[in-house]
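Taken in order, these protein sequences are the chains called V and Y.
Each residue of the first sequence is one higher than the one before, counting from 1 in my numbering.
Each residue of the second sequence is one higher than the one before, counting from 1001 in my numbering.
In what follows, a structure is listed as structure tokens, so that the remarks can point back to it.
There are 2 protein chains.
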Amino acid sequence: MNDHSARRSEPTMREVAALARVSTKTVSRVINDLPGVGEEAAERVRAAARSLGYRPNLTASSLRRSDRRSATLGVLFEDLSNPFDSALLRAIEDRARQNGVLVLAGSDEDDPTLQRELLTSLAARRVDGIVVMAVGGHQDALQQERERGTPMVLVDRPPTFGHTDSVTTTNRDSSREAVLKLAGLGHERIAFLGDRQTLWTSQERYTGYLEGLAHAGLKLHQELVRKDLQGVDVAEAAAASLLDLDNPPTALFTAQNLVTVGAMRVLRSRGLHHRVAVIGFDDFPLADMVDPAITVVRQDVPKIGRTAAELLLARVDGDDSPAVHKVIPAVLVPRGSGEIPPPTP
Amino acid sequence: MNDHSARRSEPTMREVAALARVSTKTVSRVINDLPGVGEEAAERVRAAARSLGYRPNLTASSLRRSDRRSATLGVLFEDLSNPFDSALLRAIEDRARQNGVLVLAGSDEDDPTLQRELLTSLAARRVDGIVVMAVGGHQDALQQERERGTPMVLVDRPPTFGHTDSVTTTNRDSSREAVLKLAGLGHERIAFLGDRQTLWTSQERYTGYLEGLAHAGLKLHQELVRKDLQGVDVAEAAAASLLDLDNPPTALFTAQNLVTVGAMRVLRSRGLHHRVAVIGFDDFPLADMVDPAITVVRQDVPKIGRTAAELLLARVDGDDSPAVHKVIPAVLVPRGSGEIPPPTP
DNA sequence: ATGAAAGCGCTAACAG
DNA sequence: CTGTTAGCGCTTTCAT
Chain V
1 MNDHSARRSE PTMREVAALA RVSTKTVSRV INDLPGVGEE AAERVRAAAR
51 SLGYRPNLTA SSLRRSDRRS ATLGVLFEDL SNPFDSALLR AIEDRARQNG
101 VLVLAGSDED DPTLQRELLT SLAARRVDGI VVMAVGGHQD ALQQERERGT
151 PMVLVDRPPT FGHTDSVTTT NRDSSREAVL KLAGLGHERI AFLGDRQTLW
201 TSQERYTGYL EGLAHAGLKL HQELVRKDLQ GVDVAEAAAA SLLDLDNPPT
251 ALFTAQNLVT VGAMRVLRSR GLHHRVAVIG FDDFPLADMV DPAITVVRQD
301 VPKIGRTAAE LLLARVDGDD SPAVHKVIPA VLVPRGSGEI PPPTP
Chain Y
1001 MNDHSARRSE PTMREVAALA RVSTKTVSRV INDLPGVGEE AAERVRAAAR
1051 SLGYRPNLTA SSLRRSDRRS ATLGVLFEDL SNPFDSALLR AIEDRARQNG
1101 VLVLAGSDED DPTLQRELLT SLAARRVDGI VVMAVGGHQD ALQQERERGT
1151 PMVLVDRPPT FGHTDSVTTT NRDSSREAVL KLAGLGHERI AFLGDRQTLW
1201 TSQERYTGYL EGLAHAGLKL HQELVRKDLQ GVDVAEAAAA SLLDLDNPPT
1251 ALFTAQNLVT VGAMRVLRSR GLHHRVAVIG FDDFPLADMV DPAITVVRQD
1301 VPKIGRTAAE LLLARVDGDD SPAVHKVIPA VLVPRGSGEI PPPTP
């Protein structure tokens, strides 16, 4: 009664060929729209394929085919449920699909071991190339994979090894711009709250913060710097400790989206959300609906994804020009929280 | 100079076998941890594999292997960049990985044509099974795929055809609960704002709304019902038109996350966000940070994803017990917006 | 315009 | 314990 759920075996090219009374090669020609088949034969093949419900087996085809393509790209990100990562995945997927390419996706949690395992899994499936967000720290696994010849594009963070494309954003410049904006409003005590310092983006954003202070002629106050804030809760605690200082900051530069959320939470709970300025790096849904709406540095995620996919597809197609490192500009989006002036003494 | 970027061909089992002076079958045994290989030979094979950098080709192996498994699942959702979809993908991915299974993911935009195309693409790659969010309207393509024997689990929306598992949430019951809560506060004019009515979830949530009104002894006011709200902007316009009524609603039940965002936007812009109650279906990041924090019905997304993955993996493993339709409870999360009482006349 | 033979990398089914 | 043969479904190569 439940035959419905049994895995029926797919019809093969041979069966189609038999039904159409031609050779498998002729079927192959028809299926792949290759020339050299008479109209009558072609029609018989199409009819046979239709009646059997034949569907080509890309797996078998790619095994035999000379280019060995699987028409599949690997995507290896930190966390596919993070809005930044998922928006990026979507952009890559869309661009890849235009070329008939699908995406095999995985989350590595920024864990080198997991990243290595997933890399192996992708390689076992012979993906044509990989878009990857390198884990913080060493990139040995990626480099090894790359040296085997696997086409690879790094996103969000550049490679620490050679001959590999990357697509990143203006982390440093945009951070400097954010800090300069706060300084321009008169803020002199601007705190930095950043993610794990093993991440290149965090380092860049911190450097941008330092440059911003320097350009504004402001002194760096070490007690206003909090790094390695991983997750909302940790960020929250750090923000709280900053506000507890005898001479607390009047503005915060929060260098990652979860950090921004943590900081806003504390400000709200203390009723300071209209008194302390905040600019966050990375936009996120609803940032404009919070009270006050959050001023952020927004990356052009669709463009980053599209660019990465296009680069990779070109490499897969044999483009072996020197590696490029594309930088997609981010923009400062003023919404309110970043426009709060310092208190007048 | 740039040999680094050339696609080198992977070493094969044959090459390993030659180097280790054994047959390919022996290599196969070692690679797959099968018994029947002497320790000396096994060690020679391992050494040869290591020195050549051999990595098994799952594609070739699955072609020959009797179970035909690709150790890959297809995931076909509406939009992988939507927080609900991406959280679900992540949950499925995590569970699948425990079984060494990877995920081939695609977005179909709720478009039947795209869904059909992606289904074909997944089939061409011979995925072991598919987790899919059915498009609104007919499910012909899914049914056909299912009838070919492809293991399939529907998430978020149940199948309109037989012999197919699904995992959904308590759309109707939780909607009724939300409306009853608003009624319990004294609201009598409760509006419904819903997504496309072709979607099963929208219909269920609307039915729950009706049940809530009925149970509370409230009359249905057709002018307070707005359906087919697709996207934030459309929802915003609908909410505005509701507030423009001579006798506007005092509470809103927004039946989808983007609709909730649109409604909140309008309320804020009119300064009514502390005067009109709102309960939304579907939680989203920062819903607790908005002013007022938004009361929502929250689905247990990780559990939905895990359940779907486990069901599918079991089916792939040959479980052919009758189809099940799991319903994962959602909970009402009170945060403020849903606790606003009606104005006292 | 068509097909036969060989073989992609691997494993099933047998021998030894 | 180990190897040989065949063949998964398809495309290549080279005939005809």
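Here a beta-carbon is modelled for each residue, glycine too, at the ideal position from N, C-alpha and C.
Values in this document were obtained by computation on a predicted structure and should not be read as measured data.
Residue j beta carbon less than 7 Å from that of residue i
i: leucine 1229 (chain Y); j: valine 1261 (chain Y); result: no
i: proline 341 (chain V); j: glycine 217 (chain V); result: no
i: valine 153 (chain V); j: leucine 73 (chain V); result: no
i: glutamate 1236 (chain Y); j: arginine 1265 (chain Y); result: yes
i: alanine 1020 (chain Y); j: alanine 1048 (chain Y); result: yes
i: alanine 124 (chain V); j: proline 1056 (chain Y); result: yes
i: leucine 272 (chain V); j: alanine 238 (chain V); result: no
i: aspartate 288 (chain V); j: valine 296 (chain V); result: no
i: histidine 1325 (chain Y); j: proline 1112 (chain Y); result: no
i: arginine 176 (chain V); j: glutamate 204 (chain V); result: no
i: leucine 119 (chain V); j: glutamate 147 (chain V); result: no
i: threonine 1207 (chain Y); j: valine 1327 (chain Y); result: no
i: serine 1231 (chain Y); j: alanine 1293 (chain Y); result: Strictly speaking, residue 1231 (chain Y) in this sequence is glycine, with serine absent from that position. No. Outside cutoff.
i: valine 1030 (chain Y); j: alanine 1017 (chain Y); result: no
Where residue i falls: helix, strand or coil (DSSP)
i: leucine 220 (chain V); result: coil
i: leucine 229 (chain V); result: coil
i: arginine 95 (chain V); result: helix
i: threonine 295 (chain V); result: strand
i: serine 1066 (chain Y); result: coil
i: leucine 346 (chain V); result: Outside the modelled stretch of chain V, which goes from 1 to 345, sits residue 346 (chain V), for which no answer is possible.
i: asparagine 1002 (chain Y); result: Caution is warranted here: a pLDDT of 44 is assigned to asparagine 1002 (chain Y), below 50, making its placement in the model unreliable, and the coordinate value is therefore given only provisionally. In the structure shown, asparagine 1002 (chain Y) sits in coil (DSSP, three-state: anything other than H, G, I, E or B).
i: serine 81 (chain V); result: coil
i: valine 327 (chain V); result: strand
i: alanine 1191 (chain Y); result: strand
i: methionine 152 (chain V); result: strand
i: threonine 1026 (chain Y); result: helix
i: serine 1009 (chain Y); result: coil
Cβ separation of residue i and residue j, assumed to be a contact under 8 Å, to the nearest whole Å
i: histidine 138 (chain V); j: alanine 323 (chain V); result: Wrong, their Cβ atoms sit about 19 Å apart, outside the cutoff.
i: valine 290 (chain V); j: leucine 1286 (chain Y); result: 6 Å
i: valine 179 (chain V); j: valine 155 (chain V); result: About 25 Å separates the two Cβ atoms, so there is no contact after all.
i: aspartate 1195 (chain Y); j: alanine 1255 (chain Y); result: 6 Å
i: threonine 24 (chain V); j: arginine 14 (chain V); result: 6 Å
i: arginine 1270 (chain Y); j: leucine 1243 (chain Y); result: 6 Å
Test: residue i CB closer than 7 Å to a CB of chain V
i: aspartate 1291 (chain Y); result: yes
i: glycine 1351 (chain Y); result: Residue 1351 (chain Y) lies beyond the residue range present for chain Y, which begins at 1001 and ends at 1345; the question has no answer from this structure.
i: methionine 1001 (chain Y); result: The predicted position of methionine 1001 (chain Y) is uncertain, since its pLDDT is 37 and thus under 50; a value taken from the coordinates is nonetheless stated next. No - not a single Cβ of chain V is within 7 Å of the one on methionine 1001 (chain Y).
i: proline 1011 (chain Y); result: no
i: leucine 1104 (chain Y); result: yes
i: threonine 1168 (chain Y); result: no
i: leucine 1089 (chain Y); result: yes
i: serine 1028 (chain Y); result: no
i: serine 1269 (chain Y); result: no
i: threonine 1059 (chain Y); result: yes
i: alanine 1124 (chain Y); result: yes
i: arginine 1095 (chain Y); result: no
i: arginine 1007 (chain Y); result: yes
Any chain Y beta carbon closer than 7 Å to residue i
i: glycine 36 (chain V); result: no
i: serine 81 (chain V); result: yes
i: arginine 65 (chain V); result: no
i: serine 23 (chain V); result: no
i: serine 337 (chain V); result: no
i: leucine 76 (chain V); result: no
i: proline 56 (chain V); result: yes
i: threonine 344 (chain V); result: no
i: serine 86 (chain V); result: yes
i: arginine 116 (chain V); result: no
i: leucine 286 (chain V); result: yes
i: valine 333 (chain V); result: no
i: serine 51 (chain V); result: no
*Does the segment 92-99 of chain V touch the segment 296-315 of chain V, meaning 3 or more C-beta pairs lie closer than 8 Å?*
yes
*Three or more C-beta pairs below 8 Å linking the segment 131-148 of chain V and the segment 67-84 of chain V*: yes
*Kindly confirm or deny that the segment 180-198 of chain V and the segment 234-254 of chain V touch, where touching means at least three C-beta pairs closer than 8 Å.*
Output reads yes: the segment 234-254 of chain V touches the segment 180-198 of chain V.
*Are the segment 302-309 of chain V and the segment 171-185 of chain V touching, with three or more C-beta to C-beta distances below 8 Å?*
no
*the segment 94-112 of chain V in contact with the segment 1021-1039 of chain Y per 3-pair CB rule at 8 Å*: In this structure the segment 94-112 of chain V does not touch the segment 1021-1039 of chain Y; the number of beta carbon pairs closer than 8 Å is below three.
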